[in-house]
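Asker: Protein chains in written order, with the numbering used here: chain Y, 429 to 847; chain U, 916 to 1089; chain E, -6 to 167; chain C, 4 to 372. Using N, Cα and C, we set each Cβ at its ideal position, and we do this for glycine too. My questions all concern the structure below.
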Amino acid sequence: MSLATDHWYDFRDLSNLSRVILEGIDKVAPYELAYIVAPIIGFVAAFVIFVLPSQLYVGVYGERRIIGRIQARRGPNRVGPFGLLQPVADAIKLLQKEALTPKVADKALMWAAPVFFVAPCVLLFAVIPFGPRMVFADVPAGLIFFIGVSGLPVLAAFIAGWSSNNKYSLFGAMRIVAMSVSYEVPLVLMLLCVVVFTNSMSLPAIVEFQRETDLWLIFMQPLAFVVYFIAVSAELNRTPTDIAEAESEIVAGYLTEYSGMRWGLFYGMDIGYALAAAAFASTIFLGGWSMWGLEQWVPPWLIFIAKTHLFYLVFIWTRGTLPRLRVDQLMGFAWKFLLPLAVVNLFLVSLERLWWLEAGLGDGMVFAFAGINIVFSAVAIFLWARFLGYRPESIPTRPRLVQKAGGYVPVEDPPGGGK
Amino acid sequence: MEGAGVQIAFWVLSVLTLVAAGGVMASRNLLHAVLFLIVTFIGVAGFFVLLSAEFIAMAQIVIYVGAISVLILFAIVLTPQSVRDNSETAMVGPAILLGIALSTIFLFVIHDTAWPTTNGTPALSASALGQALLSTWVLPFEIASVLLTAALVGAIMLVRSETEENEDVADVDA
Amino acid sequence: MTRWWSGEELAAEAERLVPGSVSKISATACIFKAENLVQVLSALRDNPATNFAHLSNLCGVDQWDRFEVVYHLQSLEMNQIACAKVEVQDREEPSVPSVVSIWQGAWIQESETYDLFGIRFEGHPNLQRILLWDGYPGYPLRKDFLSMPGGLQPGLNEFAGTSAKPEPPVRPVE
Amino acid sequence: MSEIVQSEPFVMNIGPQHPSTHGVFRVKATVDGEQVVDAEMVIGYLHRSMEKLAEERTYTQNIPFTDRTDYLSSMSNNLGYCLAVEKLAGIDVPPRGQAIRVIMAELQRLASHCMGAGAFANDTGAWQTPIMWFMREREKILDIFELTSGARLTCNYMRIGGVAFEIPEDFEEQVRALIGPMRETIADGEGLLSGNEIFLVRARNVAVIPPELAINASLSGPMLRGSGIAWDIRKADPYCGYEQYDFEIPIGYQGDAYDRFIVRLEEMRQSLRIIEQALDGLPGGPHSTEVPLSLRPPAGEAYARIESPRGELGYYLVSDEGPSPYRFHIRPPSLINLSVLKEMTVGGSIADAIVALGSIDIVVGEIDR
């Protein structure tokens, strides 16, 4: 995409503004000052355009408001207008609370775990392209970077659970490690499909691919998108799969012994990781900052943030709707259901890509591939589920009704034959 | 890469990696040792970045930090408490001997190798690496895959419980 | 409508099944002898005419000179309910055969009766205090648990304010 | 080879303070990994010795105690106790009092099942949404209780011989206004959970109680009906004129947690039917008979039971012609339903144990009394 101007007031690309500021400093001050000013600019920019609207207002406030709406209640509405100052009040409350450490805990590790948990989250956003030139580090293998770094918080959560010396925490720690090991496999295989299809591991290049073909990868790789969503919500402990923090079973999992701002760091960074996953998903599957030409008129970073928030809304929605799976069912789902589908999809994508390259077909071919893949995904999911014994229609949702009290009433027509 | 930043980064990474590596040996608690090991891995990944080998650095993080250390954590958690910690052992003498021998070999190799310096950035991109793996080194690559598959099957066999085996026998009989 | 068996009906049926098992008969209940309680109750459960497969209620009553254990037996298929009782005279070491072998639902109620009355149920798989803690002094539902000064017993004998005598001062129990 | 990789069972306390024990209830679970190999319950944290206290108060004074046993269904407890005293003393209740009692008991069943079904959904991990939907409806019922009796939870509304007060003027209007939204909420909860694949795999074939065990272990209420046994005291031994109303007993298929859940939802629908019929045919006349304040029932004993939301709630009273009961015993359905706790939990995982516990729908105030 070619931007019309490089003027500082062209807010379609915020890097213009920062470049102008840095050049201005260069003229009046020693060169080294830029090293100090640049991070400050970056911090302010990140806070204003991303952390404030996303972390605080979609993650903390919006999630509670929307879940409140789903649950037929109001949500935070007392602090400030419409409760908008609720995140601030929360933070002040958490800062005041004492951060307890159990006597038998491993104190050093318990102190270190939140730190280990926070650091990778910041790193994750380094490779996300917010706009055409707005990417902190354009690493050629940005996708691998993202996968690698997003595996680190699992270790931090394990440390947190282990060091608390609490049985609930240990359960949470073991569950999160087992779940991460299981779900990394289909996740990485599905991202490999994306890499094969777009022939790139760099996130800006993947966005560029989607902009050029005028088709988002969610249509070209629907199965990959579905598997990515499930796997990433499992890794992030979002509700249908939040077994590591399963509130009704193991109290709060690896966070049981945490309180005060240490817990607050985990809470905030949970949202941070979910936002990072949402940003990654909008980059990979939803076309990133591109929007069929609209990016010429609307700042691309606004489009990108809107997509990220939209994806995050789906997280909130599932959280407010779905029950939680049991840990063995969740593992079985990863290995029995997602993994075979991922392998088959990878095979299909490789064939398509090979055909595309060998036959030298044009970009219009992606629409045909999109059609093929959408049909394939629907059929594959349906058939594989039937094969694994999914028979929802055979399960009665209403009990039997009898008029007269008496003893046992045998079931004439045994329902379903079990699942 | 040149410049003061790189120099500072190198020394910081060196101190981090070496201190963490020392921690692996010195810590009594086996879990602490694993965590120090993870820090060491991250430090090594940092060295790869300094050498402009970003792909290797990321592979280091994915494989060593993400996979291997998790594997070690599993192994520790599944080991009974009594033999878990890094306690006193009768093998101190042989271990010291082995350590000395290994360091001698390393020092010898370091001393004898001519370290060529280059000014250009090496072309170690991901696609070049992939080309090399699937053309020049295809045989070792495939052998490694077979080895890993065998290890996977072996691991599954090791942890099967007796009831599961009996069920399978029953399945075969039926 | 549920058929509520009178004491005579139950006694007649029980005598037919296990002769010599009935000790006394009241209007609402049949009082069995402790020694063949298990035998007669299991016969009443298995007999198709009675079919008391569901133990509705089990509780103890302290009648000063004796303890009663009350069983309300219920048949879901026949829709009938009967009241059986057994009496223990011994206040020091009261003991009754347990019916857990007949109805699993009895164990929790027998535990509760043991906890609050101190009646031992012979043959109960895990007889221990469930509501109160181990070592709690005495058994609260016995009538002599809180003997008040002056030989008064808990429970109202008259309505408050109707007595001509001044009420005795209530002091904490030693 | 399996002895190389092995885990040691250890004891994990679920409770007394735990989000899913619904009160101060504790399960000492011995777990091997995630699998429960033994489960033992520890109760008594809320024991108030009501049976002893009741021996020192008059019959009428004991009614507030029954509020505080099963604090989620105080009307049912009032009713059970009053029926027992009436049976003991031979008191008849006028038809209007009986109809009001039926309406109140069924409203209480709705309120309690709202809580039970919602809390069960919470235990399966449906984070707060179903329980909030049901709680919204339950609040309306509690408003009606407040309107009628002055209290929301501990109503203390039933009296020996009838009910305490005449129902307010707009009572019927308010109850009728409640029925439609309640039906919708039940359908919503069913749509959200009953056909949900995750809910099905979590609740189906979990904590299965075969019918033989259900009868042998003295279970009652939805626990018994979930196992496919058609037993409802309102049908089997009608009290308060339940024989006049047309309703059906919902029974489950195989006795798992899912069956108990759908039975509870269906019971709520049947309760709405009963309330509608009772409102339509609400007779006139006095709401209670005159009962002397100094009630001294003749010597004897009486056992009266009702179908409370949790099962068979029995009151066993012994009178010695004194002003206070000689013996006052409550048959608490929650406690006796717990006698299959071990069968339900052992062999499953911790998550299944939580679901099993949630499907019993315990109220600790009733367990410990």
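What does Val169(E) reach in chain C if we use C-beta pairs closer than 7 Å?
Answerer: No answer is possible for residue 169(E): it lies beyond the span of chain E, which begins at -6 and ends at 167.
Asker: Let me know the secondary structure DSSP gives Lys136(E) once reduced to three states.
Answerer: Reduced to three states, the DSSP call for Lys136(E) is coil.
Asker: Return no unless some Cβ of chain Y is closer than 8 Å to the Cβ of Glu369(C).
Answerer: It does not: the Cβ of Glu369(C) has no partner Cβ on chain Y nearer than 8 Å.
Asker: Go through its chain and collect everything with a Cβ distance to Gly503(Y)'s Cβ below 6 Å, but skip five positions before and after it.
Answerer: Answer for Gly503(Y): Arg492, Arg493 and Gly496, listed in chain order.
Asker: When DSSP builds the beta bridges, which residues end up paired with Asp35(C)?
Answerer: Answer is Gln38(C).
Asker: Going along chain Y, which residues have a C-beta under 7 Å from His21(C)?
Answerer: The answer, in chain order, is Val679.
Asker: Exposed or buried, which one is Gly920(U) when buried takes at least 16 other CB atoms within 10 Å?
Answerer: The residue in question, Gly920(U), is exposed, as its Cβ has fewer than 16 Cβ neighbours within 10 Å.
Asker: Can you find the residues in the same chain that come closer than 7 Å, C-beta to C-beta, to Ala584(Y), ignoring five residues on each side of it along the sequence?
Answerer: So the list reads Ala541, Phe544 and Phe545, once near-sequence residues are dropped.
Asker: Is the region 792 to 802 of chain Y in contact with the region 640 to 653 of chain Y, if contact means three or more CB pairs nearer than 8 Å?
Answerer: Contact between the region 792 to 802 of chain Y and the region 640 to 653 of chain Y is present, because at least three Cβ pairs lie under 8 Å.
Asker: Looking at the structure shown, is Val45(C) part of a helix, part of a strand, or coil, going by DSSP?
Answerer: In this structure, Val45(C) counts as strand in the three-state DSSP scheme.
Asker: Please tell me whether Ser984(U) has its Cβ less than 8 Å away from any Cβ of chain Y.
Answerer: Taking Cβ atoms only, chain Y reaches closer than 8 Å to Ser984(U), which makes this a yes.
Asker: At the level of alpha carbons, what is the spacing between Phe574(Y) and Val563(Y)?
Answerer: Approximately 14 Å, taken between the alpha carbons.
Asker: Taking only the alpha-carbon atoms, compute the straight-line gap between Thr370(Y) and Val62(E) and give it to the nearest angstrom.
Answerer: Residue 370(Y) lies beyond the range of chain Y shown here (429 to 847); nothing can be said about it.
Asker: Can you look up Ala474(Y) in the DSSP assignment and give me helix, strand or coil?
Answerer: Reduced to three states, the DSSP call for Ala474(Y) is helix.
Asker: Return the residues of the region 95 to 129 of chain E that lie within a Cβ-Cβ distance of less than 9 Å from chain C, sorted by chain order.
Answerer: If the cut-off is 9 Å between Cβ atoms, the region 95 to 129 of chain E has Ile95, Trp96, Gln97, Gly98, Ala99, Trp100, Ile101, Gln102, Glu105, Asp108, Leu109, Asn119, Arg122, Ile123, Leu124, Leu125 and Trp126 near chain C.
Asker: If we ignore side chains and look at the alpha-carbon of each, how far apart do Phe28(C) and Leu227(C) end up?
Answerer: Those two C-alpha atoms are separated by around 22 Å.
Asker: Alpha carbon to alpha carbon, how far is Ala527(Y) from Thr326(C)? Give it in angstroms, no decimals.
Answerer: What sits at residue 326(C) in the sequence shown is Pro, not Thr. Those two C-alpha atoms are separated by around 57 Å.
Asker: Tell me the residue span of the beta strand (DSSP E) that contains Glu80(E).
Answerer: Gln73 to Val81 is the span of the beta strand (DSSP E), which, as asked, contains Glu80(E).
Asker: Step through the CB atoms of chain Y and report whether any lies within less than 8 Å of the CB of Ile1071(U).
Answerer: Closer than 8 Å: no.
Asker: I'd like the span of the beta strand (DSSP E) that includes Asn50(E), first residue to last.
Answerer: Its beta strand (DSSP E) spans residues His47 to Asp55.
Asker: Checking the sheet assignment: what are the DSSP bridge partners for Asn125(C)?
Answerer: DSSP output for Asn125(C) lists no bridge partner at all.
Asker: Only counting the same chain, and skipping five residues up and downstream in sequence, which positions put a Cβ closer than 8 Å to that of Glu169(C)?
Answerer: Around Glu169(C): His290.
Asker: Should Phe250(C) go down as buried or exposed, given a rule of 16 or more other Cβ atoms within 10 Å for buried?
Answerer: Answer is buried; the Cβ neighbour count reaches 16.
Asker: Measure from the C-beta of Val39(C) to each C-beta in chain Y and report whether the shortest distance is under 8 Å.
Answerer: No, Val39(C) does not count as interfacial toward chain Y.
Asker: Output needed for Ile678(Y): all residues of its chain with C-beta closer than 7 Å, excluding positions within five of it in sequence on either side, in chain order.
Answerer: Within the same chain, Ile678(Y) has close Cβ partners Tyr596, Phe599 and Gly600.
Asker: What did DSSP end up calling Trp100(E) once you bin it into helix, strand or coil?
Answerer: Helix, per DSSP.
Asker: Would Arg666(Y) pass as a contact of Phe743(Y) if the rule is Cβ separation under 8 Å?
Answerer: Cβ distance < 8 Å, so Arg666(Y) and Phe743(Y) count as in contact.
Asker: What are the uninterrupted segments assigned as beta strand (DSSP E) that are 3 or more residues long and contained completely in the region 273 to 322 of chain C, given in chain order?
Answerer: Runs found: 303 to 311 and 314 to 322.
Asker: Applying a beta-carbon distance threshold of less than 8 Å, which residues of chain Y neighbour Asn72(E)?
Answerer: Per Cβ cutoff of 8 Å: Ala833 and Gly834.
Asker: Could you tell me whether the Cβ of Cys23(E) comes closer than 8 Å to any Cβ of chain C?
Answerer: No, because no Cβ of chain C sits closer than 8 Å to the Cβ of Cys23(E).
Asker: Any beta-carbon of chain U closer than 8 Å to the one on Ile556(Y)?
Answerer: Cβ-Cβ to chain U under 8 Å: no for Ile556(Y).
Asker: Give a yes or no on whether the minimum CB-CB distance between Leu69(E) and chain Y is below 8 Å.
Answerer: It does; some Cβ of chain Y falls within 8 Å.
Asker: Where do the N-terminal and C-terminal ends of the beta strand (DSSP E) with Arg334(C) fall, by residue?
Answerer: Residues Arg330 to Arg334.
Asker: Alpha carbon to alpha carbon, what distance is there between Leu156(C) and Val507(Y)?
Answerer: Distance between the alpha carbons of Val507(Y) and Leu156(C): 31 Å.
Asker: Would you call Phe510(Y) buried or exposed, if buried means 16 or more other Cβ atoms sit within 10 Å of its Cβ?
Answerer: By the neighbour-count rule (16 or more Cβ atoms within 10 Å), Phe510(Y) is not buried but exposed.
Asker: Met429(Y) to Pro568(Y), Cα distance in whole Å?
Answerer: Note that Met429(Y) scores 45 on pLDDT, short of 50, meaning its location in the model is unreliable and no value can be drawn from it.
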